[in-house]
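Data block below; observations after.
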Amino acid sequence: MSNPSEHMGGIVNAGDLPDKPAPISTEGPVAWMRDNLFSSPLNTLLSILALFLIVWTVPPALNWLIFSANWAGGADACRANTGAACWPFITARWEQFLYGFYPAPERWRVDIILIVLLVGIVLLAFERTPLRKWIALLMLVPFPIVSFILLYGGMFGLPVVETSRWGGFMLTLVIALSGIVASLPLGIVLALGRRSTMPVMRMVCTIFIEFWRGIPLVAVLFMASVMFPLFLPPDVSFDQLLRAVIGVAFFASAYMAEVVRGGLQAIPKGQYEGAMALGLPYWKMMRLIVLPQALKIVIPGIVNTFIGLFKDTTLVLIIGLLDLLGIVQSAINDPNWSIKSVPYTGYVFVALVFWVCCYAMARYSRYIEAKLHTGHKR
Amino acid sequence: MHNFKSIATAAAIAGSLAATGVASADETLDAVKGNGSIQCGVSQGLPGFSNPDDEGNWTGIDVDFCRAMAAAVFGDPEAVKFTPLSAKVRFTALTSGEIDVLARNTTWTMSRDSDFGEFVGVNYYDGQGFMVPKSLGVASATELSGAAVCTNTGTTTELNVADYFRAQGMDYTVVAFEKADEVVAAYDAGRCDVYTTDRSGLAAQRTKLSAPDDHMVLPEIISKEPLGPLVRHGDAQWGDIARWTLNCMINAEEMGVSSENVEDMKGSDDPGIQRLLGVDGDLGSKIGLDNGFCANIVAAVGNYAESYNRNVGPDTPLQLDRGLNALWSDGGVLYAAPMR
Amino acid sequence: MSESINTQKEVPELGFWRDPAKRAWVWQGLVIAALALLIYIVVDNTVTNMAARGLASGFGFLNTSSGFGIITHPFVDYAETSDYFTVFLVGLVNTLMVAIIGCILALALGFVVGIARLSSNWLVRKVATFYVELFRNLPLLLQILFWYGAVLKPLPGPRELHTAGDSVFFSVNNRGVIFAEPITGDGFEMVWYAFFAAIVLTLIVRYFARIRQMRTGAQFPVFLTGLGLIIGLPLIAFFAAGSPLSFAPAEMSRFALSGGVTIIPELVALLFALVIYTAAFIAEIVRAGIQAVSHGQTEAASALGIKPNHRMRLVVVPQAMRVIVPPLTSQFLNLTKNSSLATAIAYPDLFAVFAGTTLNQTGQAVEIMAMTLGVYLTLSLLTSGFMNWYNSRIKLVER
């Protein structure tokens, strides 16, 4: 390179510097792929592996589920093509999957509850809804009672529908929702008890929580379904479904208590001290100052507990209650549908229903979490 | 001081509550009448014995027995609630008081009779058999050394197969499932070489296989399986009701009384039939029921033959001949004590 | 002075119900009384009911012989003539086996997926996210049933693979994974001695390496040395003892393979389901843990010139572990408890063979459930205890 000062006696370079290559594009698909997929040899290898995994699983799955699946016809069509999903099995049975053995003329009762439930959930999910607090209260207290009366009947001229005829997705919802409604207040009480200054309360609540967290739900359900009458006086009896719900609720309340305890621990001590300085008694302090803040923080945790509870309802099939999974399982065993693809279709259908519900709840929980997360993020 | 007082008060309340909790055992009939229905434990799904149909209505000979009891007690065969139970939990459900009667193709054995409850008779005589795929090329159970055997857990079947293979000096692996449906599915998937259960069960479950004709039942019957209903120990009256419900159905067949002719038969001159149907005598009131309890049973459910033919007989998918389950007068072993 | 004392005296003594401390004692007394009452009623009812129904009680049944076969009983000598206590042990070992293997595998898979969720590689990130969102939101029971079907159905039967009389060293069929049984000969114990000696040596090396690093700052490759010792020493001992190990192959009988070591498909399916399900949760815990470490920590480490992989290992992960460990404990507990779902697919765990079959045969529901629940509670206490100990070791030491 020549020295510019020789020519001009100054600073300016008269000639052109040689062209530099164009800067590497930072836009467009090629650059994106370079940055995100092939930034290093290891990343390239990982990308290829991931791509291989996708090619290996996704097309066959889509093919089985959609493209070569049987969409119409009856059992015969499925028998002719056993290599793919058999959706007519679902369409032929979907009413049973939804209502169980609930008598057909009475199913409008279930429909009403499902619609109210759906509207309630949608209203609650949006923050702008007016009177949200009151709707929440309505959904938590009167709604379960009204639903039960409507489902069971025996009042206002409604014929009684025994709980043994309840089944399918409706039963799944009944168990999960009554479990959560019962476990929330119980969990709050347990959490307060575990943080109480009274040693006996603390011990009792801790033992209760750790006991229920330490044993399998199957064992709880087994005891609730066949051993419970042993613990009661001979002339007292409960409905089997009710006992299963109580078992599930106790089980969930222990988890709920731990979630709420996390929220209580997150409330700064100043809040407690401030409330006490105002002379508020314990329950008022909790109700007006601490719990509103604590519960707001733990909404994601509560939703996650509910997701767990919702999935766990499938275990009731082990004690002979026909929830969604149970009723699909029993439908699979119908000799008229003894086709190779039917069990898989049934299970995939159940998986789809559960996945959609749980994923939606998980997204909601994350949305709340993100809203509550006010710290600095990167 | 204060809390001592409260403890003392509480203890006193506890004592009085617990005292009311003690009740004698022979009150099942009163409890059942109070509830308005009988709690009957049945299987979770065994075609022919107890199986819910598409609408959730239960059918089968065990189910018929429960309905017969409801007809005997209430005059209404629908006054019964069915509790589906796996083989594993059935006795716990009975002894805990969860159900009033267990009619779940249960084998009558001495230890069960002494440990769990009182068997009231036999409503199906069965024996354990083996089913194998035809492709296995086996003609006899004695050739099964080294085979994997699928069966139900918590059954006499599970014990018999252990006894049988040990007695024959043969090796085996047992894969024991909780539900009959799971056993069938696993056998169908090739998890085992052999499926063993009661022969009636084999006939029933074979209908659920993907290719029923590719499987055969081996000739050996390795056990006696008298299947019957049972009730809790300690309530003689309730046991009598169950026992005579069963005997009523068998006796009705023997005397030619069926659901179709039961009203006409009430006018029969035969003193045996008169006693059976409660036109004469007070047999029913001796066990706390209407004298016409047997007439109610036959009118609502039918006699034993009707129940058998409807559920497991030759015209059903199970296609089981009467065989041992024919009346003693027809070469079977069905022999009900007389009602007089 | 005296006046102020007087005014204090004029404050009326607190009424009994106005004194929180006294009130607390009354409440606690009431709670104790109510609990005692409840326990008394339940126990009394149970005793009365059991007597009225003629149910046996006590643990004498544990000495009775069981009479049924169990498909797999590792480490426990079991036959149909064994007593119910042996059944209990078989169930316990099977449960422990699933729980321990499951926890280790779920932790490994969960860590990999959790780190993959934060990968700079878009495709890897998306695949990991898909995995987590798919399996986390499906009921475990459904997954167990699915994997049992998925493991079992596609596999060929043993008769399609082998002909009668074959000696088979390794086979995968619908009866499980079967491989030849290793048989140790004389002198094999030398290998074990060498193995333990290697572990001790590694610990000594680690100790001195630490002292040296403290003094001079120079590092010593402890991990590689240890690995070499632990693999190398037993190998040397093995060959020095004259290779005292042989393999007894499985024999193909008319129906299936006999002999050899069998890993039954029920165990494989159960592990698949438990590991895949739990790992999805662990992955989220790991991701959250790593993200919880303030970015300033990474930046400070970079500023100090710490290399990227050391940055992760020495700065980020140790801090992330504090966030990870407590929820990880719950996942381990869940996995252990969830192993009781084995009862749906014929894997003979504690719940299936003891709280199931044994209970059915003996009818002693109260004793058997008490023992079973006791085992699960003990396991959960042990797990919690261990994880709490570990947690206190890695806890932030504050002034």
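Chains as they are written, first to last, in my numbering: chain S, 1 to 378; chain X, 379 to 718; chain C, 719 to 1117. The beta carbon of each residue, even a glycine, is placed where N, CA and C say it ideally should be.
- Under the DSSP definition of a beta bridge, which residues are partnered with Leu975 (chain C)? Mapped onto the third sequence, residue 975 (chain C) falls at position 257. Note: Leu975 (chain C) sits in a beta bridge opposite C:Met970.
- Message: Output needed for Ala392 (chain X): all residues of its chain with C-beta closer than 8 Å, excluding positions within five of it in sequence on either side, in chain order.
- Response: To locate residue 392 (chain X), count along the second sequence from 1; it is residue 14. Here the model assigns Ala392 (chain X) a pLDDT of 40, short of 50, so the residue's position is not dependable, and the following value carries that caveat. Result list for Ala392 (chain X): empty, nothing under 8 Å.
- Query: So with Cβ pairs under 8 Å, would you call Lys269 (chain S) a contact of chain C?
  - Reply: The count along the first sequence starts at 1 and reaches residue 269 (chain S) at position 269. Any Cβ of chain C closer than 8 Å to the Cβ of Lys269 (chain S) would place that residue at the interface, and such an atom is absent.
- Regarding Val923 (chain C) and the ligand ZN, is the C-beta to nearest heavy atom distance less than 7 Å? Only the bare structure without any ligand can be found here, which leaves the ligand ZN out of the picture.
- Message: For chain S, check one thing: does any of its Cβ atoms lie closer than 8 Å to the Cβ of Leu463 (chain X)?
- Response: Within the second sequence, numbered from 1, the residue matching residue 463 (chain X) stands at position 85. Taking 8 Å as the CB threshold, Leu463 (chain X) lines the interface with chain S.
- For Tyr282 (chain S), which residues does DSSP report across the bridge? In the first sequence, counting from the first residue as 1, residue 282 (chain S) sits at position 282. In the DSSP assignment, no residue is bridged to Tyr282 (chain S).
- Does the Cβ-Cβ distance between Asp618 (chain X) and Ile665 (chain X) come in under 8 Å? In the second sequence, counting from the first residue as 1, residue 618 (chain X) sits at position 240. In the second sequence, counting from the first residue as 1, residue 665 (chain X) sits at position 287. Yes, the pair counts as a contact, with Cβ atoms nearer than the cut-off.
- Query: According to DSSP, which residues form a beta bridge with Asn891 (chain C)?
  - Reply: Numbered from 1 along the third sequence, position 173 holds the residue referred to as residue 891 (chain C). Looking at the DSSP assignment, Asn891 (chain C) forms a beta bridge with C:Gly894.
- Backbone secondary structure at Glu603 (chain X) - three-state DSSP: Here residue 603 (chain X) corresponds to residue number 225 of the second sequence, with the count starting at 1. Three-state result, Glu603 (chain X): strand.
- Query: Which residues, in chain order, does the segment 799-812 of chain C contribute to contact with chain S at a C-beta distance below 9 Å?
  - Reply: Listed by position along the chain: nothing, the set is empty.
- Task: Please compile the residues from chain S whose C-beta is within a distance smaller than 7 Å of the C-beta of Ala471 (chain X).
- Result: Along the second sequence, read from residue 1 onward, the residue named residue 471 (chain X) stands at position 93. The answer, in chain order, is Val226.
- Item | Helix, strand or coil at Trp108 (chain S) according to DSSP, with G and I counted as helix | Counting from 1 along the first sequence, the entry for residue 108 (chain S) is found at position 108. In this structure, DSSP gives Trp108 (chain S) a helical state, which the three-state scheme calls helix.
- Ile901 (chain C) by DSSP, collapsed to three states: which one? As a working mapping, residue 901 (chain C) is identified with position 183 in the third sequence. Strand.
- Would Ile145 (chain S) be called buried (16 or more neighbouring beta carbons within 10 Å of its own) or exposed? As a first step, residue 145 (chain S) must be located in the first sequence, where it is residue number 145. With fewer than 16 other beta carbons inside 10 angstroms of its own, Ile145 (chain S) counts as exposed.
- Output yes if chain C places a C-beta closer than 8 Å to the C-beta of Phe238 (chain S); else output no. For the purposes of this step, residue 238 (chain S) is taken as residue 238 along the first sequence, with counting starting at 1. In terms of beta-carbon proximity, Phe238 (chain S) stays away from the interface with chain C, with every pair separated by 8 Å or more.
- Query: Nearest to Val794 (chain C) by CA position, among C:Ile788, C:Gly787, C:Val808, is which residue?
  - Reply: In the third sequence, counting from the first residue as 1, residue 794 (chain C) sits at position 76. Of the residues C:Ile788, C:Gly787, C:Val808, the one whose Cα lies closest to the Cα of Val794 (chain C) is C:Val808.
- Message: Per DSSP, what are the beta-bridge partners of Met509 (chain X) in this structure?
- Response: For the purposes of this step, residue 509 (chain X) is identified with residue 131 of the second sequence, where counting begins at 1. DSSP, once it has assigned bridges, lists X:Tyr573, X:Val595 as partnering Met509 (chain X).
- Counted within 10 angstroms of its Cβ, other Cβ atoms place Gln937 (chain C) as buried (16 or more) or exposed: In the third sequence, the residue the question calls residue 937 (chain C) occupies position 219. Per the 10 Å Cβ criterion, exposed.
- Task: Could you tell me whether the segment 847-855 of chain C touches the segment 865-876 of chain C, using the rule of 3 or more Cβ pairs below 8 Å?
- Result: The segment 847-855 of chain C, when compared against the segment 865-876 of chain C, does not touch it at the 8 Å Cβ threshold.
- Should Asn1078 (chain C) be flagged as near chain S, meaning a C-beta pair shorter than 8 Å? Translated into positions along the third sequence, residue 1078 (chain C) becomes position 360. For Asn1078 (chain C), no CB of chain S lies under 8 Å from its own CB, so it is not counted at the interface with that chain.
- Could you run through the segment 153-169 of chain S and flag, in chain order, every residue whose CB is less than 9 Å away from some CB of chain X? Result list: Glu162, Ser164, Arg165, Gly167.
- Task: Counting only the same chain and skipping the five closest in sequence on each side, list residues whose C-beta sits under 6 Å from that of Pro159 (chain S).
- Result: Taking the first sequence and counting its residues from 1, one reaches residue 159 (chain S) at position 159. Sequence-distant partners of Pro159 (chain S) (beyond 5 residues in either direction) whose C-beta falls short of 6 Å from its own C-beta, in its chain, are Gly153.
- Task: Could you work out which residues of chain S lie near Trp840 (chain C), taking near to mean beta carbons separated by less than 9 Å?
- Result: Here residue 840 (chain C) corresponds to residue number 122 of the third sequence, with the count starting at 1. Per Cβ cutoff of 9 Å: Trp32, Met33, Asp35, Asn36, Leu37, Ser47.
- Task: Would you identify the three-state DSSP class for Thr764 (chain C), choosing helix, strand or coil?
- Result: As a first step, residue 764 (chain C) is located in the third sequence; it is residue number 46 there, counting from the start. It is helical.
- Applying the criterion that 16 or more other CB atoms from any shown protein chain within 10 Å of the CB defines a buried residue, is Asn891 (chain C) buried or exposed? As a first step, residue 891 (chain C) must be located in the third sequence, where it is residue number 173. Answer is buried; the Cβ neighbour count reaches 16.
- Please classify Ser2 (chain S): does DSSP put it in a helix, a strand, or coil? Walking along the first sequence from the start, residue 2 (chain S) turns up at place 2. Here the model assigns Ser2 (chain S) a pLDDT of 49, short of 50, so the residue's position is not dependable and the matter cannot be decided.
- Message: Are the CB atoms of Leu123 (chain S) and Gly168 (chain S) within a distance shorter than 8 Å?
- Response: The residue labelled residue 168 (chain S) in the question sits at position 168 within the first sequence. The residue labelled residue 123 (chain S) in the question sits at position 123 within the first sequence. Going by C-beta atoms, Gly168 (chain S) is not nearer than 8 Å to Leu123 (chain S).
- Query: If you count every other CB in all the chains shown that lies within 10 Å of the CB of Leu150 (chain S), and 16 or more means buried, which is it?
  - Reply: By one-based count along the first sequence, residue 150 (chain S) stands at place 150. Taking all protein chains in view, the Cβ of Leu150 (chain S) is crowded by 16 or more other Cβ atoms within 10 Å, so the residue is classified as buried.
- If you run the structure through DSSP and keep just helix, strand and coil, what is Lys459 (chain X)? On the second sequence, residue 459 (chain X) is found 81 positions in, with the first residue counted as 1. Reduced to three states, the DSSP call for Lys459 (chain X) is strand.
- Query: In the DSSP assignment, what are the bridge partners of Ala526 (chain X)?
  - Reply: In the second sequence, residue 526 (chain X) corresponds to position 148, counting from 1. Ala526 (chain X) is bridged to X:Thr551.
- Three-state secondary structure (DSSP) of Asp504 (chain X): As a working mapping, residue 504 (chain X) is identified with position 126 in the second sequence. Strand at Asp504 (chain X).
- Item | Environment of Asn1056 (chain C) [buried if 16+ CB atoms lie within 10 Å] | In the third sequence, counting from the first residue as 1, residue 1056 (chain C) sits at position 338. It is buried - the Cβ of Asn1056 (chain C) has at least 16 other Cβ atoms within 10 Å.
- Item | Given 8 Å, three or more beta-carbon pairs between the segment 500-513 of chain X and the segment 567-581 of chain X | With a cut-off of 8 Å, the segment 567-581 of chain X and the segment 500-513 of chain X count as touching, because enough Cβ pairs lie within range.
- Message: Please return the same chain residues whose Cβ sits closer than 7 Å to the Cβ of Thr82 (chain S), not counting the five positions on each side in sequence.
- Response: Counting from one through the first sequence, the residue named residue 82 (chain S) turns up at place 82. So the list reads Ile339, Lys340, Ser341, once near-sequence residues are dropped.
- Query: Which residues in chain X sit within 7 Å of Asn333 (chain S), going by Cβ to Cβ distance?
  - Reply: Walking along the first sequence from the start, residue 333 (chain S) turns up at place 333. Those within 7 Å of Asn333 (chain S) in chain X are Gly423, Asp559, Lys586.
- Return helix, strand or coil for Asp19 (chain S), following the three-state DSSP convention. Walking along the first sequence from the start, residue 19 (chain S) turns up at place 19. DSSP places Asp19 (chain S) in coil when its eight states are reduced to three.
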